[in-house]
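S.K.:
In my numbering, the protein residues as written are 3 to 111.
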């Protein structure tokens with residue numbers, strides 16, 4: 003019985019000696035992937051912080067008056083202008099103080 007047990011132990015030691023280089027490679031691979039994942043997450047956080055931290059909202063005019071019966075469908079901002087698209091496909095361009103500069107009626111092709 004002792005000899006069977008000793009023989010089994012020697013076989014186990016021989017098998018573990020074979021697998022140790024593979025386990026070292028696997029351990030190194032897992033560590034490298036963990037480092038890459040942490041660096042990628044840090045890069046995403048930095049990119050979001052830079053992109054979202056620099057966005058300044060434009061100064062809105064205190065008062066913008068739409069023509070009678072007009073309802074705003076979309077609003078966008080240019081560097082010094084406010085542009086409003088109404089439900090009737092009319093484009094209204096206002097200056098930075100809220101004065102109407104131009105009105106353009108869009109036509110469907």
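Every residue, glycine too, gets a C-beta built ideally from N, C-alpha and C.
1) Relative to the C-alpha of residue 102, which residue among 109, 93, 28, 46 is closest?
2) For residue 89, collect the residues of the same chain with a Cβ closer than 6 Å to its Cβ; drop the 5 residues on either side in sequence, then sort them by chain order.
3) Measure the alpha-carbon distance for residue 64 versus residue 36 and round it to whole angstroms.
4) Rounded to a whole number of angstroms, what is the C-alpha to C-alpha distance between residue 12 and residue 48?
5) Using a 10 Å radius around the Cβ and a threshold of 16 neighbouring Cβ atoms, would you call residue 86 buried or exposed?
6) Going by DSSP in three states, residue 72 sits in which element: helix, strand or coil?
7) Give the range of the beta strand (DSSP E) segment to which residue 87 is assigned.
8) Whose CA, out of 91, 80, 54, 26, lies closest to the CA of residue 106?
9) In angstroms with no decimal places, state the Cα-to-Cα distance between residue 53 and residue 46.
10) Using the C-alpha atoms, what's the distance from residue 77 back to residue 28?
M.R.: In short, the structure shows the following:
1) 93
2) 73, 75
3) 52 Å
4) 54 Å
5) buried
6) coil
7) Here the beta strand (DSSP E) through residue 87 covers 83 to 88.
8) 91
9) 11 Å
10) 56 Å
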